[in-house]
Amino acid sequence: MPRRPDSPAASVLPAGEAHHGLPVHEVVLLLETDPDRGLSGDEAARRLDRFGPNTLPAAARGGPLLRALRQFHHPLIYILIAAGAVTAALGESVDSAVIFAVVLINAFVGFVQESKAEAALDSLRSMARTTARAVRDGRERAVPSEELVPGDLVLVEAGDKVPADVRLLRAAELRADESALTGESVPVAKDEVLLDPLTPVADRRNTLHSGTLVTAGRGAGVAVATGAGTELGEIHRLVGAAEVLTTPLTEKLARFSRVLTVVILVLAAVTFVIGLARGQGASDTFTAAVALAVGAIPEGLPAVVTITLAIGVARMARRRAVIRRLPAVETLGSTTVICSDKTGTLTENQMTVRAVRTPDGEFSVSGSGYAPDGEFRRGDGGVVPVAADRALYRCLLAGALCNDAVLAGGTPKAGGGVRWSLTGDPTEGALLAAAVKGGLGPDATAAFPRVGAVPFSSERRYMATVHRDGEAGGHLLLVKGAVEQVVELCSAAMGADGSVRPLDAEAVLRAADELAGRGLRVLATAELPGAEPEGLGEGAPAGSMVFTGLQAMLDPPRAAAVDAVRACRTAGIGIKMITGDHAATATAVAARIGLLTERREGEVLTGADLDALPAQEYPDAVERARVFARVSPEQKLRLVEALQARGQVVAMTGDGVNDAPALRRANIGVAMGRGGTEVAKDAADMVLTDDDFATIEAAVEEGRGVFDNLVKFIVWVLPTSLGQGMLVLVAILFGATLPVLPTQILWINMTTAVALGLMLAFEPKEEGIMRRPPRDPGRALLTTALAFRVLLVSALIVGGAWWLFTWERAEGAGLAEARTAAVNLVVAVELFYLFSCRSLTRSAWSAGVFGNRWIIGGVLAQTAGQLAITYLPAMNGLFRTAPIDGGAWLRILGFALLASLAVAVDKRLRRQLV
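Given below as structure tokens:
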């Protein structure tokens, strides 16, 4: 029997030891490796056999056959199958064939419409598959990432995807994009520094995590965890463990089906016993019991529900929301809380300079994202030509030249305009866009060719470049970086007229703190004319430079996010921002979109705050808070579970690997289509093609409309099923002939469900749908008023069909003619009742006769079907019907009109009572 691979994290490092909290030499000793030569080839092979491949475990999945069999796993379907089998055994081959045809049609529709198989775990595994560079036996080799083992010496450089969790031994200007794992909006600097063992994943500077991307520099380190032992593997475990919830409607329909199944079986059994007690033959009595069962079962319900959801999918796709799992359509209409990611959903995911502070004043910068469209304004609102303020001009020039990013435009955006794309660091992209807004485009900066550079490092915390000065001649040294470090390099400051005066360092630091307090990221710029490239060395000369200004930036909120948040709150839907970013940044964005109007205690919580909360206080704190910052994947998952435990229906948005467990656990997971990872998309129920929070609000509106239409269909279909079942039961109780046969009942159920009931799926949304509060998840599917209406129409169907059947027999009509009249009366009542169900509260005429043209088409189709079953000989033979005269049709239509008026009176009385 093959040996089961051990967990790398548990087998190599002592239990409870955090590698990031140990000195490098101890990590190397524990991993029994060489920091220069790596592992030997033989040792790597032994470890591969011991620990297994560096891949994530696959999950067993069912194939098409299992998916097909699941379509028959429903209590009501079981009854139909049993009824069909017994009917066949009694020699009623036509009846049996019709029953089995209904079962197969339902199964086929369900199989075709079922959502794609879950692929989140497959995508997680694909993220981890890459070619790694490792040192073995002292030589660098290209090694398939799945063959990496704990202790391997791994080399990385800009552009590499990290193949395992790596503790750094050496790092040179190393930066990594960990946004997909941690939610951090900008690349983070990496180095070999020793950290506290309790340092959260997002702040582990000395570790590269599997599946993240190296954006700058190079480094070397030892693999401390592979496969399931990595942080990516932990998320894989959370995704696999997260329970996939049923939707509110699914739960309600399941309960309804179970109750209905029991009721039908009991009534069928009572019918059979009563028939035998009255001396009727077993065959006739069983036929009556089957008629009751098939009459009471709404055979079209599963198919119509599925098709209605599919129609909702098409509507949402037109509003840029792609539904991956059909029940998610209905869940959207039940949503009570939306937990939204910040970066890329509520914000543009494009850093933008919003303010520039020079020694002589502050300028606001308009525009959003990387598009170079915007203006500079003073505090009084006046537009400022950049060339008129020398310090502003030189500050923007430094940001554009001391820069390695590249902006490119040309991709058309939906709705007009051009989408600009960035190659490089988002912060540098913001500086480039600000410079172009100020007129410093490529033509202007071409006069300053670069001749030397010192890249940014976590120790220096600034970048320096030397350029030929196309304006003044000679060379120009430019610096941009952290405010404290740049200020230390400066002794002077530039004024608006270009004059130089002594630097007030304290004033600069206060200004930077004030900008940071607004949730802005602040960089400082400085220059030194006349510098020589040879003198640059390892950095800029301290105390000799001229401070030119501060540039403050953020990832701006989406323009539509403010209105969408307001609309959701009007609709009674709570909004919570959950992000891996810093609390100050998250708070600033929340304030800008109207999520935080007044800062109250407990409205902003960090991951550390959540961990410190006592268990009994956790649910209340989560309910009260609106912003959660610096949270881990486990914390996101726990937040969703806590909200669900309070009875909330939770929609969770996300785009990164770190969001996948919570997306899967939420009642509806929403992934970003343009900026999201494949893992997030595959874990989600819905994908937004434009990554815009406003699209979620639109999808919620569509979801409410879909649920309304499903309830309308259920309110319409139940009286038919209940009425037909009771019609058979009454006949048995009185020892009378069945007014309708099982095959005729199946004809009514299937044809009306498709031709009439399905047309309600196309009903437009009612006015004010987003001014209603969310439905209470615990509320019954049918209110007391709707349940009364179902009973009222059921009673009308029973009374009308029994009256007409008896009338026709008394007038000398044959059994087939009387039954045909009864069948047509049931259909006519359903047809008139359909118009009433277009609105559950307003009158049938208020919605407009032609407000839903599909209903007109359905009515014409059903009418044609009824004429066919009544007058075509082939249909007469199959369904045991016969032609009826004009008098019968007048009685049918007259009674249907009276039934419609009774429903209208019920609606009017209830509106007056409200």
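So in my numbering, spot 906 of the sequence shown is number 914, and the numbers just go up one at a time. Where a beta carbon is used, it is the ideal one built from N, C-alpha and C, also for glycine.
Asked, Found
"Pick from Leu789, Ile900, Met767 and Val837: whose alpha carbon is nearest that of Ala826?", "Ile900"
"Would you mind working out which of Ala519, Arg518, Ser844 and Thr533 sits nearest Ala500, comparing C-alpha positions?", "Thr533"
"Tell me which same chain residues have a C-beta within less than 6 Å of the C-beta of Ala285, skipping the five on either side of it?", "none"
"Mind checking whether Pro367 and Met502 have CB atoms under 8 Å apart?", "yes"
"Which residues in the same chain have their Cβ closer than 7 Å to the Cβ of Thr293, if we skip the five residues on either side of it in sequence?", "Phe280, Gly283 and Leu284"
"List the DSSP bridge partners of Leu163.", "Arg141 and Ala228"
"By DSSP, does Lys198 sit in helix, in strand, or in coil?", "coil"
"For Leu848 versus Lys720, is the C-beta distance shorter than 8 Å?", "yes"
"Rounded to whole angstroms, what's the CA-CA distance from Ser376 to Glu514? Just pull it up for me.", "31 Å"
"Counting only the same chain and skipping the five closest in sequence on each side, list residues whose C-beta sits under 8 Å from that of Arg888.", "Leu749, Thr751, Gln752, Ala824 and Arg827"
"What number of angstroms, rounded off, separates the C-alpha of Ala763 from the C-alpha of Gly865?", "8 Å"
"Does DSSP put Val502 in a helix, in a strand, or in coil?", "Going by the sequence as given, residue 502 is Met instead of Val. It is a strand residue."
"Quick check on the DSSP output: what are the complete beta strand (DSSP E) runs of length 3 or more inside the region 420-498, in order along the chain?", "426-431, 458-462, 470-476 and 483-489"
"Is the separation between the beta-carbon of Ala633 and that of Leu613 shorter than 8 Å?", "yes"
"Let's test the definition: count the other Cβ atoms within 10 Å of the Cβ of Leu921 and tell me whether it reaches 16, buried, or not, exposed.", "exposed"
"Please specify which runs of the beta strand (DSSP E), each continuous and at least 3 residues long, are wholly inside the region 575-639, giving them in chain order.", "582-586, 612-614 and 635-637"
"In whole angstroms, what separates the C-alpha of Pro61 from that of Leu645?", "28 Å"
"Just curious, the alpha helix (DSSP H) that Cys347 is in, first and last residue?", "Unbroken run through Cys347 is the beta strand (DSSP E), Val345 to Ser348; no alpha helix (DSSP H)."
"Going by the CB atoms, is the gap between Val459 and Val474 shorter than 8 Å?", "yes"
"Where do the ends of the alpha helix (DSSP H) carrying Met767 lie?", "Neither: Met767 is in no alpha helix (DSSP H) and is coded neither H nor E."
"Would you kindly report the start and end of the unbroken beta strand (DSSP E) that includes Gln559?", "Met553 to Leu562"
"I need the straight-line Cα distance from Asn5 to Leu618, nearest angstrom please.", "Examination of residue 5 is not possible in this model, given that the chain is present from 9 through 922 alone."
"On the DSSP letters alone, give me the boundaries of the alpha helix (DSSP H) that Arg328 sits inside.", "Counting along the chain, Arg328 falls outside any alpha helix (DSSP H), and DSSP gives it neither H nor E."
"Grouping DSSP H, G and I as helix and E and B as strand, with all else coil, what is Pro641?", "helix"
"Residue range of the alpha helix (DSSP H) that Ser844 falls in?", "Leu823 to Ser844"
"Between Asp199 and Asn214, how many whole angstroms is the CB-CB distance? I'm expecting something under 8 Å.", "7 Å"
"Answer yes or no: do Met324 and Ile331 have a C-beta to C-beta separation smaller than 8 Å?", "yes"
"State the beta-bridge partners of Ser372 as determined by DSSP.", "Ala363 and Arg385"
"Please work out which residues of its chain come closer than 6 Å, Cβ to Cβ, to Phe813, disregarding the five sequence neighbours upstream and downstream, and give them in chain order.", "Pro747, Ala826 and Ala830"
"Using three-state DSSP, classify Lys915 as helix, strand or coil.", "helix"
"Rounded to whole angstroms, what's the CA-CA distance from Gly352 to His483? Just pull it up for me.", "40 Å"
"Do the CB positions of Val597 and Thr355 come within less than 8 Å of each other?", "yes"
"Output needed for Phe456: all residues of its chain with C-beta closer than 7 Å, excluding positions within five of it in sequence on either side, in chain order.", "Leu409, His475, Arg476, Asp477, Gly478 and Leu484"
"Thinking C-alpha only, which one of Gly765, Leu909, Val657 and Val530 is nearest Ile583?", "Val657"
"Based on the DSSP secondary-structure assignment, which residues constitute the bridge partners of Pro510?", "Ala500"
"Rounded to whole angstroms, how far is the Cβ of Leu64 from the Cβ of Gly341, which I believe are closer than 8 Å?", "That belief does not hold up - the Cβ atoms of Leu64 and Gly341 are roughly 35 Å apart, past 8 Å."
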